[in-house]
Each structure stands twice: as structure tokens, then as C-alpha cells.
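What follows is a short report on a single structure.
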Amino acid sequence: MFAYTDETGHSGRNIFDKNEIFRLGSILSINDIRHPCESVIGPFVKRKGVERLHANQWQDHEIAELGQNILDTLDDGNKWNFNIMQIHKPYVAPTKLVDLIFDPGENSAVPGVWYWDEMHRHILCLMMDDALNFKAAKQFWTAYLADDIDGVICTLGEVESFISSAGYPKPFKSVVKEAFKFARKSPGSFTMNATRKRKGYQAHTPNVIAFTQLFQAIHEFSRDTGSKPEILFHDKQDEFRSELQDTYQCFGGVVIQDTCDGSWPDAILADYKIGELEILPSVDNAGLQAADLLLWVNQRSSDNAEINVLKDRLGSLESPYYIGRGMSELIVDIHMKQRAR
1 MFAYTDETGH
11 SGRNIFDKNE
21 IFRLGSILSI
31 NDIRHPCESV
41 IGPFVKRKGV
51 ERLHANQWQD
61 HEIAELGQNI
71 LDTLDDGNKW
81 NFNIMQIHKP
91 YVAPTKLVDL
101 IFDPGENSAV
111 PGVWYWDEMH
121 RHILCLMMDD
131 ALNFKAAKQF
141 WTAYLADDID
151 GVICTLGEVE
161 SFISSAGYPK
171 PFKSVVKEAF
181 KFARKSPGSF
191 TMNATRKRKG
201 YQAHTPNVIA
211 FTQLFQAIHE
221 FSRDTGSKPE
231 ILFHDKQDEF
241 RSELQDTYQC
251 FGGVVIQDTC
261 DGSWPDAILA
271 DYKIGELEIL
281 PSVDNAGLQA
291 ADLLLWVNQR
301 SSDNAEINVL
311 KDRLGSLESP
321 YYIGRGMSEL
331 IVDIHMKQRA
341 R
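For the sequence shown, position 142 (counting from the first letter as 1) is numbered 142 according to full-length UniProt numbering, and the numbering increases by one without interruption.
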């Protein structure tokens with residue numbers, strides 16, 4: 001199988017820029033789609049007198065027609081889907097605060113269930129998101145990226161003040177209070193490694209978080225189709241090249257197995273090679289240009305009927321994944337209903 005990946009909303013470590021959503025879109029296909037897509041996209045860009053396709057540069061009806069032709073090409077004797085990973089970038093701050101402070105492996109004041117159980121962990125994420133106003137979130141994020149545990153602890157006072165006065169159940173407030181108390185008493189217990197590499201290596205970014213999630217989509221597609229990974233193509237990213245390569249080598253072969261009961265998922269190594277990672281300009285790969293177009297259509301809000309027909313058709317082929325407050329709320333709600341039965 002092959003993967004063709006593009007992204008939009010990139011802002012590196014700045015998770016508070018005006019584009020709040022980061023999207024990673026990947027065509028996962030059992031066939032190599034480069035040449036078939038070139039036969040569709042090539043004449044279009046030649047007619048336009050440009051080197052490569054940029055979906056946002058052309059009129060909706062043109063993109064709608066081209067998009068339908070691309071989907072027809074992808075459907076021809078092929079199994080494929082379009083994996084969409086969306087991250088609400090500001091929500092990364094509260095989730096990282098939970099990962100740092102509430103890991104019972106480093107904070108002995110935190111009962112294991114509050115971190116290892118999915119519902120409880122997402123409750124903490126929601127509470128931290130409630131408590132972190134914009135200023136406090138930026139202060140935490142700056143300290144987090146600098147491996148400044150003292151700076152992180154300075155932000156906890158405002159968070160705790162909000163939590164203590166809010167209407168959460170007493171057990172919820174208690175776990176936060178005790179966790180923060182331990183952090184103030186034993187700041188050296190926490191592992192911070194955001195600065196272990198030079199500035200250009202940006203492991204703590206939505207880009208790399210989404211890229212890591214893509215591995216699981218590839219493993220699931222491989223399992224469902226019986227087609228082993230051959231090549232993962234990614235649109236050229238000089239800023240992230242080394243980090244993407246390192247991440248792929250370290251984690252590309254890890255398969256996460258959902259336990260279906262809300263407990264921490266299991267992880268095993270795939271019993272096959274993970275395939276190659278090729279990072280190259282999309283001008284050299286029509287499959288990447290096709291991914292660019294589908295990603296643009298996915299996020300497009302239009303009054304054009306042809307675009308909406310294309311969007312509906314694409315929607316039936318999408319495999320979405322989302323990190324944000326709404327997803328945490330959904331996860332908590334599902335678990336609450338299951339446990340109420």
C-alpha cells in the first residue's frame with residue numbers, strides 16, 4: 001500500500017496563531033496512484049501554464065470537475081480511503097499539561113485511574129481547558145517548550161484557583177489539588193525534554209502529533225486490505241524533515257491496539273516492514289497534488305453545488321480523526337452512558 005500526505009494550518013510550535021485547526025490529509029491506497037493521477041492532473045496544470053496544482057487558485061467549478069475525475073481514477077480497480085487528522089491547536093496545551101503533571105509514573109499523588117483510564121484522562125483535559133485562559137495557556141506552553149518546570153508550576157496557581165471555585169465534584173477537585181501539591185513539592189520528579197534537540201527539531205507540534213497518528217491509520221488500512229506498506233510520501237517540509245524521519249523510524253512500526261474498555265491501549269510491533277518514507281516536493285508527485293486537492297475540498301465551505309456534490313462523495317470515503325475539546329466531551333459522554341447501563 002501507499003500513502004500520500006499533505007497538510008494545512010501549519011504553524012510549528014506556535015499553537016495560538018489565527019489558524020486554529022491543523023489538518024493532515026492522506027490518501028491511503030493499495031495501488032501506486034502517481035501515474036494515474038498524473039494523467040488527470042497533468043493536462044489541467046499544463047493548460048493553466050503552471051508547474052503543479054494549487055486547489056485554492058482556481059474556480060470552484062474547475063476544481064469540482066477535476067476532483068470528480070481524480071476520485072474516478074482512484075476508484076478504478078483500487079481500494080483506498082482518505083484519512084483526515086484534525087487538531088484544534090490550542091487544545092494541545094491542556095492535553096500536554098495533563099501528560100506532564102498527572103502521569104502517575106512521575107506524580108505519586110495521582111491515582112492511576114485518573115491517567116490510565118480514558119474517561120478520567122479526558123475529564124482532566126476538559127478541566128485544564130476550562131481553567132487555562134488564553135494568557136495562562138500561553139505561559140504554560142512557553143514554559144513547557146523551554147523545559148522550565150518552575151515556569152510550569154507558576155501557572156498552576158491560576159488553574160487551581162479556577163478549579164477550586166468551579167462546580168466540579170469534590171473527588172475531581174481533590175485529584176487536581178493533590179497533584180499540584182506534589183508538583184510544587186517535588187518539581188524534579190517530572191521529565192521534560194522539549195529542548196533535547198535544536199530549535200529546528202519540533203517534536204512538540206501538531207504536525208508531528210498528527211504524523212504519528214497517521215501510522216495507526218496506515219496499519220489499520222494494511223490490516224483491512226492485506227496490503228503491506230511500501231512507501232509513505234509526504235509533501236516536502238524542510239523544517240520538519242529530520243523530525244519526521246526520526247519519528248517514522250522510532251514509531252512507524254508501533255501498532256496501537258484499542259482495548260475497547262477505556263483502559264490504556266496495548267502496543268505491539270508490526271510483523272512487517274514499515275516501508276520507506278519519501279519527503280519530496282509535490283510538483284514531483286501527482287499523488288501528493290491529489291491529496292492537496294482532497295484536503296482543500298474537505299475544509300471548503302462553498303455555495304457551489306458542484307463542490308458540495310464532490311464534498312459529499314469524498315465524505316463517504318473519509319476516515320476522520322480529531323483532537324480537540326469536542327472529541328474529549330464525546331469520549332467522556334460515551335463512557336458515562338456505557339457505565340450507566
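For each residue, glycine too, the CB sits at the ideal point set by N, CA and C.
Neighbourhood of residue i by C-beta, 6 angstroms cutoff - its chain only, sequence neighbours within 5 removed
i	result
residue 235	6, 282, 288
residue 178	109
residue 159	131
residue 124	98, 102
residue 120	113, 114
residue 85	24, 210, 213, 321
residue 180	156, 160
residue 252	215, 274
Other residues of its chain near residue i: CB distance less than 7 angstroms, five sequence neighbours each side excluded
i	result
residue 140	93, 97, 132, 152, 155
residue 271	none
residue 245	277
residue 201	Low per-residue confidence applies at residue 201: pLDDT is 40, beneath 50, and the placement is therefore not dependable, though the value from the model is reported in the following sentence. So the list reads 242, 243, once near-sequence residues are dropped.
residue 219	255, 270
residue 279	234, 236, 237, 241, 244
residue 20	88, 89, 90
residue 13	145, 202, 204, 205
residue 173	163, 164
residue 414	Because the chain in this structure spans residues 1 to 341, residue 414 falls outside the shown range and cannot be described.
residue 32	2
residue 310	64, 67, 68, 297
Local conformation of residue i per DSSP, three classes
i	result
residue 107	coil
residue 233	strand
residue 1	coil
residue 248	helix
residue 272	coil
residue 23	strand
residue 8	strand
residue 36	helix
residue 51	coil
residue 86	strand
residue 59	coil
residue 31	coil
residue 14	coil
residue 78	coil
Exposed unless 16 or more other CB atoms sit within 10 angstroms - verdict on residue i
i	result
residue 61	exposed
residue 334	exposed
residue 301	exposed
residue 324	buried
residue 336	exposed
residue 176	buried
residue 330	exposed
residue 40	buried
residue 15	buried
Cβ shell of residue i (< 8 angstroms), same chain only, five flanking positions each side left out
i	result
residue 225	1, 30, 79
residue 199	No answer about residue 199 holds up, because its pLDDT of 45 lies below 50 and its placement is not dependable.
residue 332	119, 122, 123, 126
Supposed close pair residue i, residue j - CB separation, criterion 8 angstroms
i	j	result
residue 22	residue 207	7 angstroms
residue 34	residue 286	6 angstroms
residue 44	residue 66	6 angstroms
Proximity test, residue i beta-carbon vs the ligand FAD heavy atom, cut-off 7 angstroms
i	result
residue 138	What this structure holds is no ligand at all, so the ligand FAD is not there to describe.
### Task
Kindly provide the ranges of any alpha helix (DSSP H) runs that are 4 or more residues long and lie completely inside the region 121 to 201, ordered along the chain.
134 to 145, 149 to 165, 170 to 185
### Contiguous alpha helix (DSSP H) assignments of at least 4 residues, all confined to the region 261 to 331
286 to 299, 305 to 315
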